[in-house]
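Engineer: So the sequence shown is numbered by this note's numbering: it starts at 966 and just counts up by one.
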Amino acid sequence: MTSENTASLDAEAAPAPQITFDDLGLSAETLRAVKEGGYNTPTPIQAAAIPEVLKGRDVLGIAQTGTGKTASFTLPMIDILASGRSRARMPRTLILEPTRELAAQVAESFDKYGKYQKLTKALLIGGVSFGDQDALLARGVDVLIATPGRLLDHFERGKLLLTGVQVMVVDEADRMLDMGFIPDIERIFKLTPFTRQTLFFSATMPPEITRITEAFLSNPKRIEASRPATTANTITQRVVMLPGNDPRTRRAALRAVINSVEVKNGIIFCNRKTDVDVVALSLKRHGYDAAPIHGDLDQSLRTKTLDRFRSGDLKILVASDVAARGLDVPDVSHVFNYEPPRSPDDYVHRIGRTGRAGRQGASFTLVGPGDKKSLDLIEKLTGKEIEKAQIEGVPEAAIGDPNDRGGRGRRAEELKKEHSKRLSEKKQRFVKRDAERPTASMEPIEQPEAPQPPSERKPRNEPRREKHAEAPRREQERRPPREERGERSGDQTPGFGDNMPAFLRKK
Ligand code: AMP
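#1: Which first and last residues belong to the alpha helix (DSSP H) in which I1010 is found?
#2: In whole angstroms, what separates the C-alpha of T995 from that of T1035?
#3: Which runs of the beta strand (DSSP E) spanning at least 3 residues fall entirely within the segment 1230 to 1286, listed in chain order?
#4: Report yes if the C-beta distance between S1037 and I1010 is below 8 Å; otherwise report no.
#5: Since T1319 sits in a beta bridge, which residues does DSSP pair it with?
#6: Pick out the complete alpha helix (DSSP H) segments inside the segment 1150 to 1220, 4 residues or longer, and give them in chain order.
#7: Quick check: the Cα distance between V1300 and F1329, rounded to an integer number of angstroms?
#8: By Cβ distance below 7 Å, which residues in the same chain neighbour D1242 in space, the five residues on each side in sequence not counted?
#9: Between S1285 and chain B, is any beta-carbon pair separated by less than 8 Å?
#10: First and last residue of the alpha helix (DSSP H) that includes I1043?
#11: Among T1039, A1028, K1124 and G1129, which has the Cα closest to the Cα of G1096?
#12: Less than 8 Å between the C-beta atoms of M1042 and G1129, yes or no?
#13: Is the beta carbon of K1345 within less than 7 Å of some heavy atom of ligand 1?
#14: Once DSSP output is grouped into helix, strand and coil, what is the label at L1126?
#15: Using the beta-carbon count (16 or more within 10 Å), is D1240 buried or exposed?
#16: Apart from the five residues just before and just after D1139, which ones in its own chain have a Cβ nearer than 8 Å to its Cβ?
#17: How about S1285 and H1259: are their beta carbons less than 8 Å apart?
#18: Cβ-heavy atom distance between A1072 and ligand 1 below 7 Å?
#19: From the DSSP output, read off the bridge partner residues of R1052.
#20: Any idea if T1160 is buried or exposed, counting beta-carbon neighbours within 10 angstroms, 16 or more meaning buried?
#21: Excluding the five sequence neighbours on either side, which residues of its own chain have a C-beta within less than 6 Å of the C-beta of D1136, listed in chain order?
#22: Consult DSSP for S1474 and reduce its assignment to one of helix, strand or coil.
#23: With distance defined between alpha-carbon atoms, name the residue in E1227, D1261 and R1213 nearest to S1247.
#24: Can you tell me the Cα-Cα spacing of I1232 and L1282, whole angstroms?
#25: Look up Q1457 in the DSSP assignment and say whether it is helix, strand or coil.
#26: Should S1298 and K1238 be called a contact, given that it needs their Cβ atoms to be closer than 8 Å?
#27: Go ahead and pull the three-state DSSP assignment for V1106.
#28: Compute every distance between the C-beta of Y1004 and the non-hydrogen atoms of ligand 1, then say whether any falls below 7 Å.
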């Protein structure tokens, strides 16, 4: 049942070319829509999952995006839903997606392949008015596609009942985990009937995800569309080593890399939303056709940008991981990582945007001296060393010098060193003064201090705190010696020398 294939959708590369869509048990209406949609051969996950879903069995699909997993659940669900009717506020099936874009994509899939069946659906995602969504729910829907937070909002407002859910799909579960949705997912599971059929998809299986599947899936059919964390062999991967971590250099290097290849359309991934904005703006200023997409941008703008990119009107999309996760943009020629992602799983997802459906793709990852650990993790996970590319216009990195932190990193390192040197000097002075201080004194202020040798005198520009510490000492230096103050020198108690505490002195 397990396919050892990579995520390629190349029909030629499928392990069982004899299997056709006609063999999977789908209805004539669905098959017609599939053929019109341009699919000829089922992908490995479709071939393995569709018959199981139609039988009513739970499925655990370990599959990345790009494997055709969406149709592996939408096609059989369309047929399951063909019989029966929806009731007000009680959806018959529920699909949970981590992002609005993915939810919208799944909705499109239902429209495309369910066009010969009369299905009603609702999309519950943020950024869309509650009123419209409430009206749809009230009429009753066959398919409810939702992000977990929005779904629970509707539930709490009493607009929704999940007790009629016959099939529940959790898609991109590992991304849900990254986004902190797992408690919501558990809650939603508990709101649905335990007799439901569950289809659960995740690209990777970290322990938290395994725990959920053990708790909520019943004897699932486990299907792996690709070995976890492998990258499609249709993608040529390269890293570009940078001499420093300075953002300006990095942006210049990015431009040099883009210029070095024939980019039909590409996605640039950044780890931070702020970088997404900065990189997109900088590229635009340099004359590139680029636009940003990340979670903080207005939903309508995100949709518009994505539509422009899909239609070929926009050439370069600069994206954050969350916004771009699972985006169905079938023909991306290049993926650029402005920096390696912090999690190696994200690397697999990012470069999975290219080399899809058997096409050739290429990825470039910019790696500064501070990113080497992330690169190591990626190479460990994918099990191969990524080839280093030397790009014209990108200064050669001092590879092999682990201490060279370059650019901003070097400055930070220098400042750190200066700071710790100053700190240790200060500490030494205090240690010295402490050593000179009487240990048993109750009146330390009254103890005269030996004058400092010139070398140990504090420089003029010593920090303020030092000056404060010094103030009482100066006062004390003006005090006359003990004898002049009329104190007897013969009143010393053995063991204390000159440092005898005041309370022990004979009156
Ligand atoms: P997914 O993994 O579901 O995001 O699908 C990735 C891409 O593959 C989408 O563009 C689908 O339209 C496409 N696709 C899905 N199934 C097939 C198939 N059987 N043949 C060709 N392309 C497909």
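Where is the CB? At the ideal position from N, CA and C, for every residue including glycine. This one's a predicted model, so the numbers in the text were calculated from it and none came from an experiment.
Structural biologist: By the coordinates alone:
#1: From DSSP, the alpha helix (DSSP H) with I1010 extends over P1009 to K1020.
#2: Whole-angstrom Cα-Cα distance: 15 Å.
#3: Within the segment 1230 to 1286, the runs of beta strand (DSSP E) at least 3 residues long that lie entirely inside it are, in chain order, 1231 to 1235, 1255 to 1258 and 1281 to 1285.
#4: Taking 8 Å as the Cβ cut-off, S1037 and I1010 qualify as a contacting pair.
#5: For T1319, which the question treats as bridged, DSSP gives the partners V1297.
#6: Listed in chain order, the complete alpha helix (DSSP H) runs (minimum 4 residues) inside the segment 1150 to 1220 are 1172 to 1181.
#7: If you draw a straight line from the Cα of V1300 to the Cα of F1329, it is about 6 Å long.
#8: Closer than 7 Å at the Cβ level, and outside the excluded window around D1242, lie P1257.
#9: The structure shown contains no chain B; it holds only a single protein chain.
#10: Here the alpha helix (DSSP H) through I1043 covers K1034 to A1047.
#11: Closest in C-alpha terms to G1096, from the list T1039, A1028, K1124 and G1129, comes K1124.
#12: No, the pair does not count as a contact, with Cβ atoms beyond the cut-off.
#13: Checking the 7 Å criterion, the Cβ of K1345 is out of range of every heavy atom belonging to ligand 1.
#14: Coil, per DSSP.
#15: Burial call: buried.
#16: Closer than 8 Å at the Cβ level, and outside the excluded window around D1139, lie S1167, A1168, T1169, M1170, P1171, I1174 and D1310.
#17: With respect to the 8 Å criterion, S1285 and H1259 are classified as neighbours on the basis of their beta carbons.
#18: For ligand 1, not one heavy atom lies less than 7 Å from the Cβ of A1072.
#19: Answer is M1055.
#20: Exposed, by the Cβ-count rule.
#21: Closer than 6 Å at Cβ, skipping near neighbours: E1062 and F1166.
#22: Since the first and last residues shown for the chain are 966 and 1472, residue 1474 lies out of range.
#23: The closest CA to that of S1247, considering only E1227, D1261 and R1213, is found on R1213.
#24: About 5 Å.
#25: Because the pLDDT at Q1457 is just 43, under 50, the model does not fix this residue reliably, and the point stays unresolved.
#26: In this structure, S1298 keeps its C-beta atom at 8 Å or more from the C-beta atom of K1238.
#27: Coil at V1106, not helix or strand.
#28: At least one heavy atom of ligand 1 falls within 7 Å of the beta-carbon of Y1004.
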